[in-house]
Structure formats: C-alpha cells, structure tokens
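**Q**
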Amino acid sequence: MLSRFDYIRPQVLEDALAFLGENTGTKILAGGTDLMVMLRRNAEMPEHILDIKSIPETKQLEYKPGSGLFIGASITVNQVAEAEAIQKRYAALVQGANSLASYQLRNRATLVGNICNASPGADLAAPLLVYEATVHIAGSRGTRQVAIDQFFTGVKKTVLQPDEMVLGISLPDVGPGDDSIFLKQARIKGHDLGIVGVAARRTAANTYLVAMSAVAPTPIRLTKLEEMLNSQGVTAELAVLAGEKARSLIKPISDVRSSAEYRLHISGILVKRALMQLLVIGGK
Ligand SMILES: Cc1cc2nc3c(=O)[nH]c(=O)nc-3n(C[C@H](O)[C@H](O)[C@H](O)COP(=O)(O)OP(=O)(O)OC[C@H]3O[C@@H](n4cnc5c(N)ncnc54)[C@H](O)[C@@H]3O)c2cc1C
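In this text, residue positions in the sequence shown follow this note's numbering: the first is 130, and each later residue adds one.
In structure tokens, the structure reads:
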C-alpha cells in the first residue's frame, strides 16, 4: 500500500523552489516510472511529492545552431528520440533513448528523471557523458550548472541538495562529421536496464570520447582509453586492443542481471564494436 503524502503541482518555478526550500523530504515527480516503483514498495515514504510537469521552464526542448541543445526536465524519452534536430546530430542519444524500456514507458519517462535517479545502468547517462552535457540546477538559494561527469556521486546518488531540482540538460552544438553510437546489452530487449551500455563519439576534430554504464557505481567516462585512442589514431587493430584496455579499466559487479565475468567480457566486445562502427560511419 502507498504511504500517505501531499501532492503539489506548482505552475511556476518560483513556487516550486520556495516549496523545496521550506519542505525538506520532498520528492520530485517527473514521469514517475522510477519513483512510483519505490513508493509502491515503501522504499521511499516522502511527506510531499512535487510534480514538476506544469513548470514552463521544464517543457523546453530547443536546438539553436551555435549554442546547442537544451532538454527540459519534463521532456519525455520519446520526445528526445523523435526530435528531428536530435536525430540529425546526436545519434548516441537517440539510440540510448530508443533502447530504454518500452514505447509506452518512454511516453512517461523523462531524460532528466533517468539521470536524477542515478542508476549505474541508466541508459541515457553514457550518451550524455560523451557529449559532455551540462546539468542545469535550480534551488531556493539560486542556480548552478554542473558538468555531467561531476553530477553522479554514487549508486543512486547525485550532487543535488534537498532544496534543488534539475531544470534541464544542455549539450554543446555539434557540426557535420561529429558521429556517435550507443550499444547496449540487455537480458530482455525493450524491458530492462542494460547489463552494460557503451557510448562512443568521434568529434569533427577526430577526438574520441567513450563512456560506459553498469560497470561501476556510477556511469563513467573511460578517459584512459580515450587517451590511448587519441594518441594512436583509431584503426581496426586498435579497436580490438581498445576492447581489452576497457576491460582493464572497469570493475563491474555481479547482480540479478549478470555476473561480473560476463559484464567484463561483453564490455570489451561492445567497446570494440562501437569503435569499429564509428570507423565504418566515417568511411575509414
Ligand atoms: C519496467 C521498467 C523498465 C525500465 N527500463 C529501463 C531501461 O531499459 N533503461 C533505463 O535506463 N531505465 C529503465 N527504467 C527506469 C526509468 O524508466 C528511467 O530511469 C526513467 O528515465 C525515469 O524517468 P522518470 O521521469 O519516470 O523519473 P521519476 O520516476 O519521476 O524520477 C526518478 C528519480 O529522479 C528524481 N527526479 C526526477 N526529475 C527530477 C528533477 N527534475 N530534479 C531532481 N530530481 C528529479 C525523482 O525524485 C526520483 O528520485 C525502467 C523502469 C521500469 C518501471
């Protein structure tokens, strides 16, 4: 049975922030696809639930040439997957979005909720990491911006303070020749978090960025692997070595979805495959 809570749906940001400042122990509700599960299990028993979906600033989904993309906190995963401006420029993000759960769930789930829930296996984290996204945070004491690689602090933990909420996430603009890919290994297609997720990006300046989910307490960038790729130049031979290098940089755990051994094995394969596919996309 659900525990009792007050439900608040502010219409303006100022009211939401004032409420958060005055009521610690408030849980923010976006799509509710993570939160409702926790409420039903009584794993979360908040006094107040603050629904952010009427706040105009959270409904913004905008791409501006030169400045890039802003995805507000109420934007659903399907809206991300189906936006033409995102499909044209941010392939890994669209692939990550399309791989999250089922179509019906993606109609409720938000990209920002995926990040705030901070599961190590969150599908949209690795794509956001390779685009070096920025998290826009607002609280009763002001606003701040945090780089996505500084946002996660542990399993289901972030830098967010109790009086803060995420307004949205921005990604820098990318030009022609900037390519990316997201690969996910899951137990059941369309219904489950990944056993492992890999995002790889090659910028127009031929710089590689690689990030993974479900191989550490938080989603991570593999900066040591990136150094190897960017100093040696990616070839098919190096992609094979990169898979092995990736295995040496992660320490996955065993859980209900996979053994640590299988995660290590499949991580190397997905990293190699992602780099190979980027080579093919780039005609190299
Ligand atoms: C059947 C099922 C399958 C799933 N499959 C996948 C999958 O394949 N891949 C995957 O990555 N995830 C999966 N999920 C998890 C979930 O759907 C996603 O994480 C989703 O993106 C969460 O978004 P939401 O809007 O529903 O978040 P909510 O449930 O509304 O919120 C999630 C958490 O973030 C907090 N929060 C939300 N928005 C904000 C904000 N703006 N500021 C501060 N805190 C905020 C909430 O308080 C809560 O703690 C699955 C869930 C279910 C039930």
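Ideal Cβ placement from N, Cα and C applies to all residues, glycine included.
All values derive from a computational prediction rather than experimental measurement.
Could you pull the start and end residues of the beta strand (DSSP E) that Lys156 belongs to?
**A** Element bounds for Lys156: Thr155 to Leu158.
**Q** Does the contact criterion of 3 or more C-beta pairs under 8 Å hold for the region 286-299 versus the region 324-343?
**A** No, they do not touch.
**Q** With H, G and I counted as helix, E and B as strand and the rest as coil, what does DSSP make of Gln314?
**A** Gln314 falls in the strand class under three-state DSSP.
**Q** Tell me the rounded alpha-carbon separation between Arg218 and Leu198.
**A** So the two alpha carbons sit approximately 10 Å from each other.
**Q** With contact counted as at least three CB pairs below 8 Å, one residue from each stretch, are the region 203-212 and the region 166-178 in contact?
**A** Output reads no: the region 166-178 does not touch the region 203-212.
**Q** Are Gly422 and Thr332 closer than 9 Å when you measure CB to CB?
**A** Since the first residue of the chain shown is 130 and the last is 413, residue 422 is not available in this structure.
**Q** Can you tell me which of Gln314, Ala254 and Arg330 puts its alpha carbon nearest to the alpha carbon of Lys285?
**A** Of the listed residues, the one whose Cα sits closest to Lys285 is Ala254.
**Q** With a threshold of 8 Å (Cβ to nearest heavy atom), would Lys156 be considered close to ligand 1?
**A** The answer is yes for Lys156.
**Q** His177 lies in the beta strand (DSSP E); which residues open and close that run?
**A** His177 to Asp180 is the span of the beta strand (DSSP E), which, as asked, contains His177.
**Q** Are the Cβ atoms of Glu191 and Leu142 separated by less than 9 Å?
**A** Not a contact, by the Cβ cut-off of 9 Å.
**Q** Measure the Cβ-Cβ separation of Ile244 and Thr263 and say whether it is below 9 Å.
**A** The answer is no: Cβ separation not under 9 Å.
**Q** Nearest-angstrom Cα distance between Leu222 and Asp321?
**A** Taking the straight line joining both Cα atoms gives about 17 Å.
**Q** For ligand 1, is there any heavy atom lying closer than 8 Å to the beta carbon of His177?
**A** It does not: the Cβ of His177 is nowhere closer than 8 Å to a heavy atom of ligand 1.
**Q** By DSSP, does Arg402 sit in helix, in strand, or in coil?
**A** Helix.
**Q** Within this structure, are the beta carbons of Pro256 and Ser196 separated by less than 9 Å?
**A** No. Outside cutoff.
**Q** Per DSSP, what kind of secondary structure is Leu338 in: helix, strand or coil?
**A** If DSSP states are grouped into helix, strand and coil, Leu338 belongs with the strands.
**Q** Within its chain, find whatever has a CB closer than 7 Å to the CB of Asn359; leave out the 5 residues flanking it on each side and keep chain order.
**A** These residues qualify, in order along the chain: Thr336 and Tyr337.
**Q** Verify the contact flag: Ser439, CB atom, against every heavy atom of ligand 1, threshold strictly below 8 Å.
**A** Outside the shown range of the chain, which is 130 to 413, sits residue 439, and nothing can be said about it.
**Q** How about Val259: is its Cβ closer than 8 Å to a heavy atom in ligand 1?
**A** Not so, every heavy atom of ligand 1 lies at least 8 Å from the Cβ.
**Q** Using a threshold of 8 Å, is the CB atom of Ile200 nearer than that to any non-hydrogen atom of ligand 1?
**A** Outside the cutoff, so no.
**Q** Taking 9 Å as the cut-off, decide whether the C-beta atoms of Ala159 and Ile181 are in contact.
**A** In this structure, Ile181 lies closer than 9 Å to Ala159 by Cβ.
**Q** Rounding to the nearest angstrom, what Cα-Cα distance links Gly242 and Ala202 in this structure?
**A** Near 7 Å, if we compare the C-alpha coordinates of Ala202 and Gly242.
**Q** Which of the three DSSP states, helix, strand or coil, is assigned to His394?
**A** The answer is helix: DSSP assigns His394 an H, G or I state.
**Q** According to DSSP, is Val131 helix, strand or coil?
**A** A small fix is needed here, since residue 131 is Leu in this sequence, not Val. The answer is coil: DSSP assigns Leu131 none of H, G, I, E or B.
**Q** Assuming Asp289 is part of the alpha helix (DSSP H), what are its boundary residues?
**A** The sequence shown places Leu at residue 289, not Asp. Per DSSP, Leu289 belongs to no alpha helix (DSSP H) and is neither H nor E.
**Q** Hey, is Leu322 close to ligand 1, as in C-beta under 8 Å from one of its heavy atoms?
**A** Result yes, Cβ under 8 Å from ligand 1.
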